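**Student:**
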Amino acid sequence: MMELNTLRQFLVVARLEHLSRAADELRVAQPSLSRTIARLESELGTPLFDRSGRLRLNDTGKLFRDYVERSLGELDAGRRAVAEATSEGVGTVRLASETFLTLTGPLAAYKRAHPTIEVELRWAAAEDMARHLRAQEVDLCVASQPIHAEGLEAVQLLDEEVWVATSLDHPLAARTSVSIDELADQPFVAARKGHWQRRLLDRLFAARGRTPKVVCEVDEPSAIADLIGAGLGIGLVPSFARHTSVRVPLAAITVDSPDCRRAITLYWGADSHLSTAARLMRTTITSWNWVTGEPRGGHPTREIPGPG
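Sequential numbering from 1 applies to the sequence shown in this note's numbering.
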């Protein structure tokens, strides 16, 4: 009979596709982990990994992984539901996002309206969000780029133009618009690969058969404006950032491409049973007025929405 610990260990190996790194993350000996995976495969009667060269999850393993994620997710959801039913409060909500700067307003309003709810925030790349939702490791995800996966519900929150930002003394600063071809030799300050801003930059240039000249790659997207202002390069900045407090004055220039936009979308599992806390968070975020920076109607909702 499969043990829960075996299944959880399998998911880590499946995600990393590397036994030694999985063993380090799980804090178990690699030989022990290898035996655990071998016993699981023996019980199922089929290999879950290809072992010719680097360890790779095979098609059967991917099929099994999806069922394990959903099963363990449902179990964890059941535990949270019991905890919520037996507690005085309305529990915890877990939100993942590529950036929380955009969500500062609704998160603050939510916490003011529901001070007893614990809010857990997690950074996640868009490509990992479907997995987190299927496994019910998080309740809600906010992505700045599309998630192409089955079994998700979504509401688009904001569709906005993305600009090229330069320092005020940059030769392009006085321009009202600029083409990708004109930006080909410009040095860019960009977020790391996987971040929405970097993906958009690479996609815009790839459409013209070009590669952006990235001279500064940062792990902190919030630092991009400072580095641009310091004259280290130019970079992409969403319209939303222009309405927030920016410490460094920058010039914002329209990119002559209809694809230079960002669509922010809220996702949750179509079959997941959202807790009261998660449903309240979903209502607060989807009812937020992104133009005025406050809830629609002027105050955050306190009503408990219907079933997830």
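For each residue, glycine too, the CB sits at the ideal point set by N, CA and C. Bear in mind the structure is a predicted one, so any value in this text is a computation, not a measurement.
So the beta strand (DSSP E) residue 166 belongs to, where does it begin and stop?
**Tutor:** The residue given as residue 166 occupies position 166 in the sequence shown. From DSSP, the beta strand (DSSP E) with residue 166 extends over 152-166.
**Student:** What does the alpha-carbon distance come out to for the pair residue 58 and residue 173?
**Tutor:** Here residue 58 refers to the residue found at position 58 when the sequence shown is read from its first residue. Here residue 173 refers to the residue found at position 173 when the sequence shown is read from its first residue. If you take the alpha carbons of residue 58 and residue 173, they lie about 51 angstroms apart.
**Student:** What are the residues that DSSP puts in a beta bridge with residue 260?
**Tutor:** Here residue 260 is taken as the residue at index 260 of the sequence shown, counted from 1. Bridge partners of residue 260: none, in fact.
**Student:** Please name the residue, chosen from 10, 278, 294, 107, that lies closest to residue 140 on a Cα-to-Cα basis.
**Tutor:** Along the sequence shown, read from residue 1 onward, the residue named residue 140 stands at position 140. The candidate whose alpha carbon is nearest that of residue 140 is 278.
**Student:** Identify which residue in 108, 249, 287 has its Cα closest to the Cα of residue 165.
**Tutor:** As a working note, residue 165 is residue 165 in the sequence shown. Residue 165 has its Cα closest to that of 249, out of 108, 249, 287.
**Student:** For residue 42, report the span of its beta strand (DSSP E) as first-last.
**Tutor:** Here the question's residue 42 lines up with position 42 in the sequence shown. Here residue 42 belongs to no beta strand (DSSP E); instead the alpha helix (DSSP H) covers 30-44.
**Student:** With DSSP collapsed to three states, give me the class of residue 203.
**Tutor:** Translated into positions along the sequence shown, residue 203 becomes position 203. The answer is helix: DSSP assigns residue 203 an H, G or I state.
**Student:** Which term fits residue 88, buried or exposed, when burial requires 16 or more other beta carbons within 10 angstroms of its beta carbon?
**Tutor:** The residue given as residue 88 occupies position 88 in the sequence shown. Note that residue 88 has pLDDT 49, beneath the 50 cutoff, so the model's placement of it is unreliable and the number below is only indicative. The residue is exposed, with fewer than 16 neighbouring Cβ atoms inside 10 Å.
**Student:** With 16 as the cutoff for other CB atoms within 10 Å, does residue 99 come out buried or exposed?
**Tutor:** On the sequence shown, position 99 is the one that residue 99 refers to. Buried: at least 16 other Cβ atoms inside 10 Å.
**Student:** Any contact of the region 257-266 with the region 113-132, i.e. 3+ C-beta pairs under 8 angstroms?
**Tutor:** At 8 angstroms Cβ cutoff, the stretches do not touch.
**Student:** Among 180, 52, 23, whose alpha-carbon lies nearest the alpha-carbon of residue 163?
**Tutor:** As a working mapping, residue 163 is identified with position 163 in the sequence shown. Looking at the Cα atoms, 180 is the closest of the given residues.
**Student:** So who's on the other strand from residue 289, going by DSSP bridges?
**Tutor:** If you number the sequence shown from 1, residue 289 lands on position 289. BP columns for residue 289 point to 294.
**Student:** Find out if the Cβ-Cβ distance for the pair residue 189, residue 231 is shorter than 8 angstroms.
**Tutor:** As a first step, residue 189 must be located in the sequence shown, where it is residue number 189. As a first step, residue 231 must be located in the sequence shown, where it is residue number 231. No.
**Student:** Confirm, please, whether the CB-CB distance from residue 46 to residue 60 is below 8 angstroms.
**Tutor:** In the sequence shown, residue 60 corresponds to position 60, counting from 1. In the sequence shown, residue 46 corresponds to position 46, counting from 1. Yes, the pair counts as a contact, with Cβ atoms nearer than the cut-off.
**Student:** Note down, one range per segment and in chain order, each beta strand (DSSP E) of at least 3 residues found wholly within the region 79-130.
**Tutor:** List check, beta strand (DSSP E) in window: 92-97, 118-123.
**Student:** Where does residue 211 sit, in a helix, a strand or coil, going by DSSP?
**Tutor:** Here residue 211 is taken as the residue at index 211 of the sequence shown, counted from 1. DSSP places residue 211 in coil when its eight states are reduced to three.
**Student:** With C-beta atoms as the reference, is residue 9 less than 8 angstroms away from residue 73?
**Tutor:** Working through the sequence shown from its first residue, we reach residue 9 at position 9. Working through the sequence shown from its first residue, we reach residue 73 at position 73. Result no, Cβ atoms of residue 9 and residue 73 do not sit closer than 8 angstroms.
**Student:** Following the continuous alpha helix (DSSP H) through residue 13, name the residue where it begins and the one where it ends.
**Tutor:** Stepping through the sequence shown from its first residue, residue 13 is reached at position 13. First-last of the alpha helix (DSSP H) with residue 13: 4-16.
**Student:** How long is the line joining the alpha carbons of residue 273 and residue 68, rounded to whole angstroms?
**Tutor:** Mapped onto the sequence shown, residue 273 falls at position 273. Mapped onto the sequence shown, residue 68 falls at position 68. Rounded to the nearest angstrom, the two C-alpha atoms are 17 angstroms apart.
**Student:** Comparing alpha-carbon positions, which option in 215, 183, 178 lies nearest residue 192?
**Tutor:** Position 192 of the sequence shown, counting from 1, holds the residue named residue 192. Residue 192 has its Cα closest to that of 215, out of 215, 183, 178.
**Student:** According to DSSP, what are the bridge partners of residue 177?
**Tutor:** By one-based count along the sequence shown, residue 177 stands at place 177. 254.
**Student:** Looking only at its chain, what residues have a beta carbon closer than 7 angstroms to the beta carbon of residue 7, apart from the 5 residues adjacent to it on each side?
**Tutor:** Here residue 7 refers to the residue found at position 7 of the sequence shown. Within the same chain, residue 7 has close Cβ partners 68, 72.
**Student:** Does the Cβ of residue 129 have 16 or more other Cβ atoms within 10 Å, making it buried, or fewer, making it exposed?
**Tutor:** Here residue 129 refers to the residue found at position 129 when the sequence shown is read from its first residue. Label assigned to residue 129: buried.
**Student:** For the beta strand (DSSP E) holding residue 235, just list the boundary residues, first then last.
**Tutor:** On the sequence shown, residue 235 is found 235 positions in, with the first residue counted as 1. That run of the beta strand (DSSP E) goes 235-238.
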